Structure formats: structure tokens, C-alpha cells
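Trainee:
If you want it as C-alpha cells, here you go:
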């Protein structure tokens with residue numbers, strides 16, 4: 001989607017970023033590392049070229065963690081609020097942007113699930129569960 005620009009930020013607003021031009025690939029990752037980092041069944045990430053990504057503010061408030069044995073995986077987070085933040089893969093070829101940190105609709109949707117062989121044994125497809133607009137009140 002050339003010409004598009006989307007911004008994102010952490011929960012406290014200390015750190016913000018922009019993706020310009022090509023928003024890349026949008027995918028769900030089911031690997032155990034993403035589950036540990038997000039605390040969820042899978043991560044929702046955009047994979048963006050480093051040249052299409054820029055930090056707008058707060059770079060000094062970003063923490064980074066790398067697994068020595070990982071080829072690609074790392075994590076970044078806001079040192080103030082702990083929110084997930086985009087991270088440059090250890091290869092330096094891709095910026096992984098947690099979709100939940102976007103400030104607006106990127107106008108693209110996920111196109112694939114990856115590492116499904118690692119999917120959590122307790123995973124349940126959200127479409128198969130009851131849905132509520134707000135937290136249901138039990139009486």
C-alpha cells in the first residue's frame with residue numbers, strides 16, 4: 001500500500017513510531033516465544049522493511065531482549081509502561097510491529113498464520129466462542 005502512513009505508540013504514550021509506504025505482511029504467529037512475550041495465544045504482527053519504519057519519539061525509553069539461540073526473535077518494550085513495541089529482527093532485515101500498538105486501522109488485514117505446529121494446546125478459535133460487546137455481568 002504505497003503512500004500510506006500509520007502511527008503507533010505504547011500504552012503511556014512515551015514511545016511512538018510511524019510506518020510509511022509499504023505496511024508489509026500482516027500475520028498471526030503461534031510460536032511459543034510470541035506466546036510468552038504477548039501473554040496470549042498468538043501475536044498479531046506486521047513485518048515491515050526497516051526503511052519503511054521510523055521512531056518518532058521515546059527511543060531512549062525502549063528496552064530490548066534477545067534470545068542468544070534465536071535466529072530472528074527479539075522483543076522490545078516501553079521501559080515505563082511495559083507495552084510491546086516494534087523490534088528489529090536479529091537479522092536486521094525486518095521490523096516486527098505488534099499490531100496492537102497501532103493507533104489506527106492500517107487498512108490491511110492478516111493474510112496468514114505461522115508456526116501453527118506450535119499452537120497452544122488450549123487455543124480455541126475465537127469465532128467458536130460467545131461474543132459480547134462488553135464484559136458480561138453474571139448475576
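Residue numbers (full-length UniProt numbering): 1 to 139.
Here a beta-carbon is modelled for each residue, glycine too, at the ideal position from N, C-alpha and C.
Keep in mind that this is a model prediction, so the values were computed, not measured.
Return yes when the Cβ of residue 32 is within less than 7 Å of the Cβ of residue 131, no when it is not.
Mentor: As a working note, residue 131 is residue 131 in the chain shown. As a working note, residue 32 is residue 32 in the chain shown. No, the Cβ-Cβ distance between residue 131 and residue 32 is not below 7 Å.
Trainee: Given residue 1, which residues of its chain have a CB within under 6 Å of its CB, disregarding the five upstream and five downstream residues?
Mentor: Counting from 1 along the chain shown, the entry for residue 1 is found at position 1. The predicted model places residue 1 with a pLDDT of 44, which falls under 50 and marks its position as unreliable, so this point remains unresolved.
Trainee: Please identify the residue among 104, 40, 56, 65 whose C-alpha is closest to the C-alpha of residue 79.
Mentor: Taking the chain shown and counting its residues from 1, the one referred to as residue 79 is at position 79. Checking every option, the nearest Cα to that of residue 79 belongs to 65.
Trainee: For residue 89, which of helix, strand or coil comes out of DSSP?
Mentor: On the chain shown, position 89 is the one that residue 89 refers to. Of the three classes helix, strand and coil, the one that applies to residue 89 here is coil, per DSSP.
Trainee: Name the two residues that bound the continuous alpha helix (DSSP H) containing residue 38.
Mentor: Translated into positions along the chain shown, residue 38 becomes position 38. Its alpha helix (DSSP H) spans residues 32 to 38.
Trainee: Going by DSSP, name the residue or residues bridged to residue 46.
Mentor: Translated into the one-based positions of the chain shown, residue 46 becomes position 46. In DSSP, residue 46 forms a bridge with 26, 97.
Trainee: CA-CA distance, residue 15 and residue 55?
Mentor: Against the chain shown, residue 15 aligns to sequence position 15. Against the chain shown, residue 55 aligns to sequence position 55. Residue 15 and residue 55: Cα-Cα distance of roughly 8 Å.
Trainee: When the Cα atoms are used, what is the spatial distance from residue 18 to residue 43?
Mentor: The residue you call residue 18 lines up with position 18 of the chain shown. The residue you call residue 43 lines up with position 43 of the chain shown. Approximately 20 Å, taken between the alpha carbons.
Trainee: I'd like to know if residue 35 contacts chain B, where contact means its C-beta is closer than 7 Å to some C-beta of that chain.
Mentor: Going by chain labels, chain B is absent from the structure shown, which holds only one protein chain.
Trainee: Quick check on this structure: which residue in 120, 127, 95 has the alpha carbon closest to the alpha carbon of residue 50?
Mentor: Here residue 50 refers to the residue found at position 50 of the chain shown. Of the candidates 120, 127, 95, the one whose C-alpha sits nearest the C-alpha of residue 50 is 95.
Trainee: Within the same chain, show all residues whose beta-carbon is closer than 7 Å to that of residue 103, passing over the 5 residues directly before and after it, in chain order.
Mentor: In the chain shown, residue 103 corresponds to position 103, counting from 1. Once the five neighbours on either side are set aside, the close Cβ partners of residue 103 are 7, 8, 9.
Trainee: Where do the ends of the beta strand (DSSP E) carrying residue 9 lie?
Mentor: Mapped onto the chain shown, residue 9 falls at position 9. Where residue 9 is concerned, the enclosing beta strand (DSSP E) stretches over 4 to 9.
Trainee: Does any heavy atom of the ligand NAD sit closer than 6 Å to the C-beta of residue 75?
Mentor: With respect to the ligand NAD, the structure shown offers nothing to examine, as it has no ligands at all.
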